[in-house]
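Single-structure report; data block below.
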Amino acid sequence: GQQVMQIPQYQHVQEGEDFTTYCNSSTTLSNIQWYKQRPGGHPVFLIQLVKSGEVKKQKRLTFQFGEAKKNSSLHITATQTTDVGTYFCAVISSGSARQLTFGSGTQLTVLP
Amino acid sequence: DTAVSQTPKYLVTQMGNDKSIKCEQNLGHDTMYWYKQDSKKFLKIMFSYNNKELIINETVPNRFSPKSPDKAHLNLHINSLELGDSAVYFCASSQELGQARQGNTEAFFGQGTRLTVV
Chain A
1 GQQVMQIPQY
11 QHVQEGEDFT
21 TYCNSSTTLS
31 NIQWYKQRPG
41 GHPVFLIQLV
51 KSGEVKKQKR
61 LTFQFGEAKK
71 NSSLHITATQ
81 TTDVGTYFCA
91 VISSGSARQL
101 TFGSGTQLTV
111 LP
Chain B
1001 DTAVSQTPKY
1011 LVTQMGNDKS
1021 IKCEQNLGHD
1031 TMYWYKQDSK
1041 KFLKIMFSYN
1051 NKELIINETV
1061 PNRFSPKSPD
1071 KAHLNLHINS
1081 LELGDSAVYF
1091 CASSQELGQA
1101 RQGNTEAFFG
1111 QGTRLTVV
């Protein structure tokens, strides 16, 4: 199935600092999705990127899809304690057996 | 109204037992999934199922089996539970991925079932 590498695995930031998580694939992706999972909660869909070089914003969150459609990033500006959680990228595997495969996730801790 | 609901939320059981986790979605989605999340938060897909085919991740032991009585339900049966099966199990659903190429294929997750095998 489609493999996507996500880094870093853990990130601790002081409240107000910025945060970025990255996903990389060795093959071209048709699209990429991002999810957030709060502690004790379940993954919740944030956004889907489809086009090469696409940039989308949701308030303090900026999502990018690389020009070659092999990498993506999620950037949070001026983190808040409400941003705490695990952020996942997810891709749809290619071929006849399509599955939604998740990256390893980045666990974000925001220190007040 | 809960879009994807799974029960129970917590399950504590002894090694060797057989248990089931139920999942129901009211979104009219064609595809349902089971994921296992370990203590490091890794989300591993176990199964994906639509009304045409079941896709089984090759690393899943055959003690695990999905049962779908209808399109809205995908239950997870686990036989002969082992300590290593302890994890949080998530059910999810989405539109059929093969058809919704550019459309919205977001997955909706249930609240999770924390399984503890003792």
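These protein sequences, in sequence, are chains A and B.
Note that the numbering used here has the first sequence beginning at 1, numbered continuously upward.
Note that the numbering used here has the second sequence beginning at 1001, numbered continuously upward.
Ideal Cβ placement from N, Cα and C applies to all residues, glycine included.
On the three-state DSSP scale, how would you describe T82 of chain A?
If DSSP states are grouped into helix, strand and coil, T82 of chain A belongs with the helices.
L1083 of chain B, DSSP secondary structure in three states
Of the three classes helix, strand and coil, the one that applies to L1083 of chain B here is helix, per DSSP.
Looking at the C-beta of F45 of chain A, does it have a partner C-beta in chain B at a distance below 7 angstroms?
Interface residue, yes.
Using the Cβ count rule (16 or more neighbours within 10 Å means buried), how would you classify M5 of chain A?
Using a 10 angstroms sphere on the CB of M5 of chain A, the tally of other CB atoms stays under 16, which defines it as exposed.
V1012 of chain B lies in the beta strand (DSSP E); which residues open and close that run?
From DSSP, the beta strand (DSSP E) with V1012 of chain B extends over Y1010 to T1013.
Which partner residues does P1066 of chain B have in the DSSP bridge list?
Beta-bridge pairing links P1066 of chain B to B:L1076.
Can you tell me which residues form a DSSP beta bridge with T109 of chain A?
Its beta-bridge partners are A:H12.
Excluding the 5 residues preceding and the 5 following A1100 of chain B in the sequence, name in chain order all residues of the same chain whose CB lies nearer than 7 angstroms to its CB.
Note that A1100 of chain B scores a pLDDT of 49, beneath 50, so its modelled location is shaky and nothing firm can be said.
Less than 7 angstroms between the beta carbons of Y1166 of chain B and P1066 of chain B, yes or no?
Outside the displayed span of chain B (1001 to 1118) sits residue 1166 of chain B, for which this structure offers no information.
Could you check the C-alpha separation between I92 of chain A and S25 of chain A for me, to the nearest Å?
Linking I92 of chain A to S25 of chain A through their CA atoms gives a straight-line distance of about 12 angstroms.
Cβ neighbour criterion (16 or more within 10 Å) applied to V55 of chain A:
By the 10 Å Cβ count, V55 of chain A comes out exposed.
Answer with buried or exposed for L1012 of chain B, where buried requires no fewer than 16 other C-beta atoms within 10 angstroms of its C-beta.
The question names Leu, but residue 1012 of chain B in the sequence shown is Val. So V1012 of chain B counts as exposed.
Could you name the residues of chain A that G1084 of chain B contacts, counting a contact when the two beta carbons are closer than 9 angstroms?
For G1084 of chain B, there are no neighbours in chain A by C-beta distance under 9 angstroms, as the nearest C-beta there is about 19 angstroms away.
Collapsed DSSP secondary structure at F1042 of chain B in the structure displayed:
F1042 of chain B: coil per DSSP, three-state reduction.
Which residues, in chain order, does the segment 12-35 of chain A contribute to contact with chain B at a C-beta distance below 9 angstroms?
Result list: S30, N31, Q33 and Y35.
Evaluate the contact criterion for the segment 15-25 of chain A versus the segment 68-78 of chain A: three or more CB pairs, one atom per stretch, below 8 angstroms.
Touching, yes, given that three or more Cβ pairs across the two stretches are closer than 8 angstroms.
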